[in-house]
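From first to last, the protein sequence lines are chains A and B. Residues 61 to 70 (this note's numbering) make up the first sequence, in order. Residues -18 to 196 (this note's numbering) make up the second sequence, in order.
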Amino acid sequence: SSSSVTKDEL
Amino acid sequence: MNIFRLAGDMTHLASVLVLLLKIHTIKSCAGISLKTQELYALVFATRYLDIFTNYISFYNTIMKLIFLGSSFSIVWYIKRHKIVHRSYDKDQDTFRHWFIVLPCLVLALLINERFTFKEVMWTFSLYLEAVAILPQLVLLQRTRNIDNLTGQYVFLLGAYRALYILNWIYRYFTEDHYIHWITWIAGLVQTLLYADFFYYYFQSWKNNAKLELPA
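Written as structure tokens, this is what we have:
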């Protein structure tokens, strides 16, 4: 997924 | 997880606790915008659609549950709790939801990383979070006597956003991933909205005076 990095944030 | 991200999450958590303290212990929601609280409930509901399908860590899941649970219970308290509801400044809290929700939805449909339901909802939650504080800031400006807890609540929310920006700067230099324009611009806009409030908050703190925003 292209935006998985920011999805580990709240 | 870096220190800025952890500090950001903790100030966010502290802001929620301060608000719950005011509502649950003092049984008052004076100076608190129901509109902003409803928007936050919508922010978390649309952002955490993947809470049970995309496991990241125990920490993440617990925090998501806390933000979801607290935001909906705060809305419930202000609307339905007999005593708390009496202190709600309904006549002052006049911001229209739709002026905020609709543009965010349109923008999320137009500008997103992938055109899927979950991705558009996630992007919508970012745009919405950026401006969800506006009804609260308008209400603060209309409130003559801003009590300490309300002032601290808004200050902690602003601090959480500022710390998230430091977190992104740190991550940008320490992790090799690409640039997240949508997250960053929405986050920057959100933090800038607090600039004016921060100014008067520090002024009142420095002069040991009551917090008051000029109309």
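Here a beta-carbon is modelled for each residue, glycine too, at the ideal position from N, C-alpha and C.
Alpha-carbon to alpha-carbon, B:W165 and A:S62: A caution first: A:S62 carries a pLDDT of 46, below 50, which makes its placement in the model too unreliable to give a value.
Contiguous alpha helix (DSSP H) assignments of at least 4 residues, all confined to the segment 87 to 157 of chain B: 98 to 112, 115 to 123 and 129 to 155
Per-residue contacts from B:T34 into chain A (C-beta, under 8 angstroms): Near B:T34 there are no residues of chain A at all, since even the closest Cβ is about 12 angstroms away, more than 8 angstroms.
Contacts that B:N126 makes with chain A (C-beta to C-beta distance below 8 angstroms): Those within 8 angstroms of B:N126 in chain A number zero; the least Cβ separation is about 33 angstroms.
Any C-beta of chain A under 9 angstroms from that of B:D177: no
Exposure of B:H78, with buried meaning 16 or more beta-carbon neighbours within 10 Å: exposed
B:L169 to B:A140 span [Cα, whole Å]: 12 angstroms
Inter-residue spacing [alpha-carbon to alpha-carbon] between B:N35 and B:V87: 26 angstroms
Proximal residues, the segment 43 to 75 of chain B versus chain A, C-beta separation under 8 angstroms: M44, K45 and F48
Test: B:S9 CB closer than 9 angstroms to a CB of chain A: no
Complete runs of the alpha helix (DSSP H) confined to the segment -4 to 61 of chain B [at least 4 residues]: 15 to 28 and 39 to 61
Interface flag, B:R(-14) vs chain A, CB-CB below 9 angstroms: yes
DSSP state of B:H161 mapped onto helix, strand, coil: coil
Below-9 angstroms beta-carbon distance, B:Y182 vs any chain A residue: no
Endpoints, alpha helix (DSSP H) assigned at B:K187: A176 to K187
Cutoff 9 angstroms: B:N41 Cβ touching any chain A Cβ: yes
C-beta contact flag for B:T104 and B:I59 at 9 angstroms: no
C-beta neighbour in chain A for B:I92, strict 9 angstroms: no
Cross-chain neighbours of B:I37 in chain A, by beta carbon under 8 angstroms: K67 and D68
For B:R67, the three-state DSSP class (helix, strand or coil): helix
CA-to-CA distance, B:M(-9) to B:L39, given in whole angstroms: Just to set this straight, residue 39 of chain B is Phe in the shown sequence, not Leu. Distance between the alpha carbons of B:F39 and B:M(-9) is about 16 angstroms.
Backbone secondary structure at B:F(-15) - three-state DSSP: helix
As assigned by DSSP and simplified to three states, the class of A:K67: helix
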